[in-house]
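J.:
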Amino acid sequence: EPEVTQTPSHQVTQMGQEVILRCVPISNHLYFYWYRQILGQKVEFLVSFYNNEISEKSEIFDDQFSVERPDGSNFTLKIRSTKLEDSAMYFCASSVGFSSYNEQFFGPGTRLTVL
Amino acid sequence: ELKVEQNPLFLSMQEGKNYTIYCNYSTTSDRLYWYRQDPGKSLESLFVLLSNGAVKQEGRLMASLDTKARLSTLHITAAVHDLSATYFCAAPTGNTPLVFGKGTRLSVIA
Numbered sequence: 094e095p096e097v098t099q100t101p102s103h104q105v106t107q108m109g110q111e112v113i114l115r116c117v118p119i120s121n122h123l124y125f126y127w128y129r130q131i132l133g134q135k136v137e138f139l140v141s142f143y144n145n146e147i148s149e150k151s152e153i154f155d156d157q158f159s160v161e162r163p164d165g166s167n168f169t170l171k172i173r174s175t176k177l178e179d180s181a182m183y184f185c186a187s188s189v190g191f192s193s194y195n196e197q198f199f200g201p202g203t204r205l206t207v208l
Numbered sequence: 322e323l324k325v326e327q328n329p330l331f332l333s334m335q336e337g338k339n340y341t342i343y344c345n346y347s348t349t350s351d352r353l354y355w356y357r358q359d360p361g362k363s364l365e366s367l368f369v370l371l372s373n374g375a376v377k378q379e380g381r382l383m384a385s386l387d388t389k390a391r392l393s394t395l396h397i398t399a400a401v402h403d404l405s406a407t408y409f410c411a412a413p414t415g416n417t418p419l420v421f422g423k424g425t426r427l428s429v430i431a
């Protein structure tokens with residue numbers, strides 16, 4: 094069964110460093126998302142992406158964040174200058190169509206630890 | 322702005338007992354999702370409720386949706402230890418693909 098994959102599973106970085114989290118969405122899906130979950134808290138929407146551009150973003154997704162689909166399969170989240178409070182689990186998701194009408198499928202997550 | 326409220330946030334159940342988790346949402350949404358999350362793991366889709374009155378069952382779990390009351394329930398029948406996990410409900414809005422509740426941490430004890 095097709096699934097969303099994410100790499101790395103765990104990333105440790107120093108504050109101020111740049112990190113890139115990678116995702117491979119399900120191949121026939123057209124909408125891609127990033128969510129984050131700070132330890133013990135709820136899952137929060139960051140950004141959605143369709144047709145090579147951001148379609149929605151939350152207040153959390155500020156100028157230090159960016160997303161890209163560099164090729165036909167990968168979808169990346171870049172955090173330019175990491176802060177301690179960026180430590181969280183980051184989930185990628187994809188859906189075949191627009192999110193309100195189509196189920197999103199989540200990847201296994203990348204645990205980001207900022208020291 | 323859509324708000325999704327779950328209760329209870331923590332639930333300790335004895336094996337064999339029944340219980341219901343409630344999910345209220347604040348604005349109109351015609352569908353509702355339930356996810357299960359084990360510690361340190363991803364979100365596993367449990368139910369997709371697509372219309373008012375929808376009811377779905379899988380094993381000991383049954384979910385329902387009342388869009389008029391803006392309420393979804395997740396009913397657990399005869400709990401077993403394997404059901405211990407955190408359960409999230411989530412609803413889509415026009416501007417935000419999914420708004421999640423805070424989750425209900427379920428612990429089933431012998």
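The listed protein sequences derive, respectively, from chains X and Z. Going by this note's numbering, the first sequence opens with residue 94, and the numbers climb by one from there. Going by this note's numbering, the second sequence opens with residue 322, and the numbers climb by one from there. Ideal placement from N, C-alpha and C gives every residue a C-beta, glycine not left out. In this text, all values refer to a predicted model and were calculated from it rather than measured experimentally.
Using a C-beta to C-beta distance shorter than 7 Å, which residues of chain Z count as neighbours of G109/X?
T.: Simply none; closest approach about 27 Å.
J.: Y126/X touches chain Z at which residues, Cβ-Cβ below 9 Å?
T.: Result: P418, L419.
J.: Are the region 176 to 186 of chain X and the region 121 to 134 of chain X touching by the rule of at least three beta carbon pairs closer than 8 Å?
T.: Verdict: yes, contact present.
J.: So the candidates are T206/X, N121/X, G109/X; which of them puts its Cα closest to the Cα of G165/X?
T.: Of the listed residues, the one whose Cα sits closest to G165/X is N121/X.
J.: Select from the region 363 to 382 of chain Z all residues with a C-beta closer than 7 Å to any C-beta belonging to chain X, and list them in chain order.
T.: Under the 7 Å Cβ criterion, the region 363 to 382 of chain Z contributes S363, L364, S366, V369.
J.: Within 7 Å of any Cβ in chain Z, is that where the Cβ of E94/X sits?
T.: False, the Cβ-Cβ gap to chain Z never drops below 7 Å.
J.: Within the same chain, show all residues whose beta-carbon is closer than 6 Å to that of T169/X, passing over the 5 residues directly before and after it, in chain order.
T.: Once the five neighbours on either side are set aside, the close Cβ partners of T169/X are I113, R115, E161.
J.: Starting from the beta carbon of K135/X, find every residue of chain Z whose beta carbon is closer than 8 Å, and list them in chain order.
T.: Under the 8 Å cutoff, chain Z gives F409, F421, G422, K423, G424.
J.: Report the three-state DSSP secondary structure of L177/X (helix, strand or coil).
T.: Residue state, collapsed to three classes: helix.
J.: Helix or strand or just coil, what does DSSP make of H402/Z?
T.: Of the three classes helix, strand and coil, the one that applies to H402/Z here is helix, per DSSP.
J.: Express the C-alpha separation of D387/Z and L395/Z in angstroms, rounding to a whole number.
T.: Cα-Cα distance, rounded: 12 Å.
J.: What residue range is occupied by the uninterrupted beta strand (DSSP E) comprising L208/X?
T.: Run containing L208/X: none; DSSP gives neither H nor E here.
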